[in-house]
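First residue of the sequence shown: 38, per our numbering; consecutive thereafter. Quick notes on the structure that follows.
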Amino acid sequence: MAEQIPLYPVRSAAAAVNCKRATYFSAAGPGPGVERSSRYQLEEESAHLDEMPLMMSEEGFENDESDYHRLPRARVTRRKRGLEWLVCGGWKFLCTSCCDWLINICQRKRELKARTVWLGYPEKCEEKHPRNSIKNQKYNVFTFIPGVLYEQFKFFLNLYFLVVSCSQFVPALKIGYLYTYWAPLGFVLAVTIMREAIDEFRRFQRDKEVNSQLYSKLTIRGKVQVKSSDIQVGDLIIVEKNQRIPSDMVFLRTSEKAGSCFIRTDQLDGETDWKLKVAVSCTQRLPALGDLFSINAYVYAQKPQLDIHSFEGTFTRDDSDPPIHESLSIENTLWASTVVASGTIIGVVIYTGKETRSVMNTSHPKNKVGLLDLELNQLTKALFLALVALSVVMVTLQGFSGPWYRSLFRFLLLFSYIIPISLRVNLDMGKAAYGWMIMKDENIPGTVVRTSTIPEELGRLVYLLTDKTGTLTRNEMVFKRLHLGTVSYGTDTMDEIQNQLMNSYSQTQSQASGNNASSTPPRKAQSSAPKVRKSVSSRVHEAVKAVALCHNVTPVYEARGTAGETEFAEADQDFSDNNRTYQASSPDEVALVQWTESVGLTLVNRDLTSMQLRTPSGQILTYCILQTFPFTSESKRMGVIVRDESTAEITFYMKGADVAMSSVVQYNDWLEEECGNMAREGLRTLVVAKRALTEEQYQDFENRYNQAKLSIHDRTLKVAAVVESLEREMELLCLTGVEDQLQADVRPTLEMLRNAGIKIWMLTGDKLETATCIAKSSHLVSRMQDTHIFRPVTNRGEAHLELNAFRRKHDCALVISGDSLEVCLKYYEHEFVELACQCPAVVCCRCAPTQKAHIVKLLQQHTGKRTCAIGDGGNDVSMIQAADCGIGIEGKAVFSSVFYFASVPLYQGFLMVGYATVYTMFPVFSLVLDQDVKPEMAMLYPELYKDLTKGRSLSCKTFLVWVLISIYQGGILMSGALVLFESEFVHVVAISFTALVLTELLMVALTVRTWHWLMAVAELLSLGCYVASLAFLNKYFDVAFITTVTFVWKVSAITVVSCLPLYVLKYLKRKLSPPSYSKLSS
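What follows is the structure in structure tokens.
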């Protein structure tokens, strides 16, 4: 990346050379200032970026301009025109466009607007807002039957059977009994409709349960109960602890004294850690709930949008003098589908129904169709064309005499059994059987198959897209390492830290008592104090204290009783250690505080302005929180300024990622090396530092900081600049290492999937550093593999440079943030996806739910491969629905062409129905029990999975082979019966049909790789059903003839001639060219 990368327009060779000589852009850049200016220059010249080539290969960076060329965007396909376009899919595009146009006309989408919401007065809303109801149903009473039938008959295979069945209502085309066509088709449709009806009813029940949940609504007359679906914008809703928040609200009041509460957001963003929310201070200070109606206040909220991590609004109280204006941000909001984790809260509803963040981030489910169904649909079209050609040949042989078109249609119907409806029946039953086997698998107990139409997709996957939190990891953090530069402590030496901390605080306490006795005033911090080499004990003391103070963790104590009748009365609480739990916005924060407790320094209380620590000796230390600087993805660090109440010392503590902290701490020679060592162990590292401040220094900072926060323009940049003025020459205290516990067997599982040829992408809403660390610790990215972290890009020019830098990397994993991904997909979608698909692993962090689904769709569109999405939270639903196969953590049809060259059916009525069902269905269905290798062998050699993804079992080659086999066997059966029959035509039917059934059973046996006892039962049962039915089919068979030796030897001879050559060929193939799995089995 450090080499210089020339980018230039390609309008002419001379211009290219001149541009090459004039301007060079460095991918690494000499410094941030130069890099920024070059990027802004590129942004200004965006008009030329369309002509700038992205380099295709390594040589493009070294050779002249002739080696620079665009990515093969034009390779996709040349644009079709006119009739060619109409035939090759244009008709489908036109129909879809017309339908979309009609739908848009019928239900125009209302424009989303910002709104003013008066507290407790929904009737004051200027516009109508959507109902607060959840609807996950795909159909209603009127669209159910048409919708289900459309989903079935939009495929050629099913439509073909429908047309053939309907043709039998035309007397001139009728060639058999109606039940021979409608019985199998009706069975398939009945099963499908019943299955869809059950699924739709379950969705209806779930929606009804959610919409009927009762909530307390605050009115002028007091509290009233209201259903979730009846909540309106402007309502004041009370939500109890552990209750789901029904709509998007602004947080007004809470029963917690601190004026804040915790909520669980796992069903919104997938993160299991709790989020701290702060009530509007104006309403929190009101004496009682009823006072909300005694004030004249409103909330101005921005228009509904997708982003769940941001919100802009204002709270205004008009009846005070002067009017009170409060700025509202994301910490003042309560999004729908989250759960209150502490206290009782009250909020004003600002968005309902379709306008809530959770619904806007949920995509509409699609009807998933397996690749096998699509392939069979294409093969059915090929068979239909063959059927048409054969019918034309028959009519031609007749010389087009008489009403030839009628004969053509009759031949089409006669030959319609070339596409057997038993194929559809067996396919559906086979899928249902596979789904049942998955649910009964002892190795994956508790698995539920929600969709029984795509279980075979698990054998065709190429891309696996997985969530991180709760899927790859347990989201349980464990403190593993503390490094002080010269000494390192691990899990087995934590008792040394405990002893040193105890000795240090006992000495400090004795010194404090001596100072009190001599009435010495507390000493203030002096930043200019001479530096003295500290002992290991004091360094441990400082490090542990910094970790115990620099965080956003709040201890929570469970109530012993319940709130009384008085509104928001606080229950008695048990403040013992056993009743205390820690809550924070990140689980590694909790792990750090739990570790300080384990070594003796315990966080016992915290509110918005102070926190209290308990020392090993039981002394309570109180610290006043002066300022808090939360973690952001841009700064990659967080800080806190505290004042020790006992000494009045002011200290600025900060911790963050090594890349952000290395430039702000004093010089050291060990930080970079130890960070690398911990990262290779899969630990999440944090660098902890501090700076002592005098009272004068802090007052100067506070004044500048408050002024920056009141700025109207560039507020964020000015605030960051003021904070950065403190982040200089900080004292490096320690380096911590925390391990995120992985799910059981994650590492061997991912390795097995990679060996199977499956590419794994991790899509997470977590931070970039966390995602990178988990990718390495889970071995999603191997230790010897390079990782390319895609730098943040905000415009087209930056994306262009970074993609060029990324192209130079070979065989490296890609780590990219959601914002940068959005920019790349906006300008260079095809190029980016092509590059990413070449990576052995891809990690996308800070992904929104809809962004995850978008990535899945991009892979499907650009690669045409099958995708699987796996997740455990509500934020993964869109991704799971978009994938070909979604995982939520909670055979062949053999047929023969046997027809006589006449315009009448040879096998009429029950014979055809029996052949398609009773006589042959059980053996074909029993093939679901077949195994090419044992499950243990498949797990031992996952490389065998690659053969499945190639789809060779149902390729054009195998299809043609089976067609040729069918032609051969049909010819032998028909010609043999004609040659050997004696005087009666009914003998031809008896000989050929019996030989046909036996051939079918033998061909099923020929395809079996591993015999199961139920397969043998199915073969014998089918043969028994046929033999038993012969006694009742006097209309079709001469019973006296079929009991003679002549019938037996003729049928046996024809069957042997039709099947024996195929058995010989199969034996020779297995001997001369055995499949790979057979070599392993032997």
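A virtual CB, placed ideally from N, CA and C, is assigned to each residue, including glycine.
In three-state DSSP terms, what is residue i?
i, result
"residue 574", "helix"
"residue 587", "coil"
"residue 776", "strand"
"residue 437", "coil"
"residue 100", "In this predicted model, residue 100 has a pLDDT of only 36, less than 50, meaning its place in the structure is not dependable; the value taken from the coordinates is given anyway. It is coil, neither helix nor strand."
"residue 229", "helix"
"residue 250", "coil"
"residue 821", "coil"
"residue 982", "helix"
"residue 319", "helix"
"residue 1050", "helix"
"residue 532", "helix"
"residue 174", "coil"
"residue 713", "helix"
"residue 655", "coil"
"residue 521", "coil"
"residue 342", "coil"
"residue 993", "helix"
"residue 415", "helix"
"residue 1005", "helix"
"residue 1045", "coil"
Taking its Cβ as the centre, do 16 or more other Cβ atoms sit within 10 Å of residue i, making it buried, or is it exposed?
i, result
"residue 115", "Below a pLDDT of 50, predicted positions are generally treated as unreliable, and residue 115, at 44, falls in that range; the measurement from the model is reported next regardless. It counts as exposed."
"residue 1106", "exposed"
"residue 356", "exposed"
"residue 514", "buried"
"residue 206", "exposed"
"residue 751", "exposed"
"residue 841", "buried"
"residue 758", "exposed"
"residue 384", "buried"
"residue 520", "buried"
"residue 151", "exposed"
Pull up the CB-CB distance for residue i and residue j, whole angstroms please, since I reckon it's below 8 Å.
i, j, result
"residue 1094", "residue 1041", "Between residue 1041 and residue 1094 the Cβ distance is about 18 Å, and since that is not below 8 Å, they are no contact."
"residue 915", "residue 889", "6 Å"
"residue 472", "residue 489", "4 Å"
"residue 13", "residue 645", "The chain is shown from 38 up to 1119; residue 13 falls before or after that span and cannot be answered."
"residue 702", "residue 772", "No, residue 702 and residue 772 are not in contact; Cβ-Cβ is about 10 Å, not under 8 Å."
"residue 590", "residue 534", "So it is not a contact: roughly 19 Å between Cβ atoms."
"residue 338", "residue 154", "6 Å"
"residue 264", "residue 251", "6 Å"
"residue 652", "residue 542", "4 Å"
"residue 518", "residue 376", "So it is not a contact: roughly 34 Å between Cβ atoms."
"residue 1091", "residue 1028", "7 Å"
"residue 1066", "residue 1038", "The Cβ separation is near 15 Å, so there is no contact."
Quick one: does the C-beta of residue i sit closer than 7 Å to a heavy atom of the ligand ZN?
i, result
"residue 171", "Absent from the structure shown: the ligand ZN. Ligands present: none."
Discussion item. Any contact between the segment 246–266 and the segment 169–183? By contact I mean 3 or more CB pairs, one from each, below 8 Å.
Written reply: Below 8 Å, enough C-beta pairs join the segment 246–266 and the segment 169–183 to call them touching: three or more.
Worksheet item: Touch check for the segment 257–272 and the segment 147–162: three-plus C-beta pairs under 8 Å?
Response: At 8 Å Cβ cutoff, the stretches touch.
Worksheet entry | contact_flag[the segment 220–238, the segment 175–190] where n(CB pairs < 8 Å) is 3 or more | A contact exists between the segment 220–238 and the segment 175–190.
Item to complete: Would you check if the segment 584–592 and the segment 625–639 touch, i.e. whether three or more CB-CB distances between them fall below 8 Å?
Response: As far as the Cβ criterion goes, the segment 625–639 touches the segment 584–592, which means the pair count is three or higher.
Worksheet item: Do the segment 972–982 and the segment 376–395 touch if we need at least three Cβ pairs shorter than 8 Å?
Response: No, because fewer than three Cβ pairs between the segment 972–982 and the segment 376–395 fall closer than 8 Å, the two stretches do not touch.
Item to complete: Count the C-beta pairs between the segment 761–778 and the segment 726–742 that are closer than 8 Å, then say yes if the count reaches three, no if not.
Response: The segment 761–778 makes contact with the segment 726–742; the number of CB pairs closer than 8 Å reaches 3 or more.
Worksheet entry | Continuous beta strand (DSSP E) assignments of at least 3 residues falling wholly in the segment 279–313 | For the segment 279–313, whole beta strand (DSSP E) runs of length 3 or above, ordered along the chain, are 285–291 and 297–301.
Practice prompt. Can you check the segment 444–510 for any alpha helix (DSSP H) of at least 4 residues that lies completely inside it and give the ranges in chain order?
Written response: Here the runs fully enclosed are 459–477.
Discussion item. Assess contact between the segment 506–513 and the segment 708–717, defined as three or more Cβ pairs (one per stretch) separated by less than 8 Å. Is contact present?
Written reply: No, because fewer than three Cβ pairs between the segment 506–513 and the segment 708–717 fall closer than 8 Å, the two stretches do not touch.
Worksheet entry | Ordered list of alpha helix (DSSP H) runs contained in the segment 180–247, each at least 4 residues | DSSP runs (the alpha helix (DSSP H)) wholly in the segment 180–247: 181–190 and 193–204.
Worksheet item: Which runs of the beta strand (DSSP E), 3 residues or longer, sit entirely within the segment 825–865?
Response: Within the segment 825–865, the complete beta strand (DSSP E) runs of at least 3 residues are 849–854.
Practice prompt. Taking 8 Å as the threshold, find out whether the segment 364–378 comes into contact with the segment 408–427 through three or more Cβ pairs.
Written response: The segment 364–378, when compared against the segment 408–427, does not touch it at the 8 Å Cβ threshold.
Fill in: Cβ pair count under 8 Å reaching 3, the segment 312–326 against the segment 853–873
No, the segment 312–326 does not touch the segment 853–873.
Practice prompt. Entirely within the segment 882–912 and at least 4 residues each: give me those alpha helix (DSSP H) ranges in chain order.
Written response: Listed in chain order, the complete alpha helix (DSSP H) runs (minimum 4 residues) inside the segment 882–912 are 886–900.
Item to complete: Mind the definition here: the segment 1080–1090 touches the segment 981–997 only if three or more C-beta pairs lie below 8 Å; say whether that holds.
Response: Counting Cβ pairs under 8 Å, fewer than three are found: no touch.
Worksheet item: Would you call the segment 879–886 and the segment 843–852 touching, i.e. three or more CB-CB distances under 8 Å?
Response: Counting C-beta pairs with one atom in each stretch, the segment 879–886 and the segment 843–852 have three or more that are closer than 8 Å, which means they touch.
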